[in-house]
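Some notes on the structure that comes next.
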Amino acid sequence: MTPRVRKPKWGLNAFKPLRNAIVKVKWLYFTKIWGMDIHPTANFSLSAKLDRTNPKGVHIGAETYIAFDAAILTHDLSRGLYLDTRIGKRCFIGARSIILPGIEIGDECIIGSGSVVTKSVPPRSLVAGNPAKIIRSEIEIISRFGRMRAGSGVPPS
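Here is the structure:
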């Protein structure tokens, strides 16, 4: 006889449809009112910060996830820069990361939590640190949210 697994009566997943609806409204706000280029399949935390000083400079690709408190910047007022910041398809931007203006992040990249990205990142790379450095290149992403195949990628030389 197999033991019967008891499901909890409630959990935080009960709020997932509400969260998804709020994210969709925020996506509409960013794309329709501010004019940001965010793919409909891109997902982001409600606390992610997208630069509204130069909103048309934000470009986020399909199936990309931006974790909590990450900042995507498109301007630098002290230098008078207003640049486009591009994030490719199937990327994962870690919590509290900062992407500086004018940076291009290639497809299928992972940005480690707390990283400050000061230079463009080639496709299929794992970067971390302050300033962010390439930890691995040619990584293989197997699903959304930055999950990569074990043992994939080569360390930088």
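Taking the numbering used here, the leading residue of the sequence shown gets 169, the next gets one more, and so forth. Glycine included, C-beta positions come from ideal geometry on N, C-alpha and C.
Assuming residue i and residue j make a contact with CB atoms under 8 Å, what is their CB distance in whole Å?
{"i": "A296", "j": "T286", "result": "At roughly 13 Å, the Cβ-Cβ gap does not stay under 8 Å, so A296 and T286 are not in contact."}
{"i": "I190", "j": "A210", "result": "About 15 Å separates the two Cβ atoms, so there is no contact after all."}
{"i": "I234", "j": "S213", "result": "6 Å"}
{"i": "D265", "j": "S283", "result": "Contrary to the premise, residue 265 reads as Ser rather than Asp in this sequence. Confirmed, about 5 Å."}
{"i": "A230", "j": "I261", "result": "In fact, because the Cβ distance is near 14 Å, the residues do not count as touching under 8 Å."}
{"i": "W195", "j": "P223", "result": "Contact flag wrong, Cβ pair sits at about 13 Å."}
{"i": "R315", "j": "S305", "result": "At roughly 17 Å, the Cβ-Cβ gap does not stay under 8 Å, so R315 and S305 are not in contact."}
{"i": "G274", "j": "P290", "result": "5 Å"}
Tell me the DSSP bridge mates of residue i?
{"i": "T253", "result": "V226"}
{"i": "L245", "result": "Note: L245 sits in no beta bridge, so no partner."}
{"i": "I267", "result": "I240, V285"}
{"i": "I310", "result": "Looking at the DSSP assignment, I310 forms no beta bridge with any residue, so it has no partner."}
{"i": "V322", "result": "S305"}
{"i": "I279", "result": "I261, V295"}
{"i": "N211", "result": "Y233"}
If I follow the unbroken alpha helix (DSSP H) through residue i, where does it start and stop?
{"i": "R187", "result": "184 to 196"}
With residue i as the anchor, note down where its beta strand (DSSP E) starts and where it stops.
{"i": "K301", "result": "301 to 305"}
{"i": "A296", "result": "293 to 296"}
Determine, using beta carbons only, whether residue i and residue j come nearer to each other than 9 Å.
{"i": "E276", "j": "I255", "result": "no"}
{"i": "S320", "j": "I307", "result": "yes"}
{"i": "I278", "j": "L268", "result": "no"}
{"i": "T221", "j": "T242", "result": "yes"}
{"i": "F183", "j": "S215", "result": "no"}
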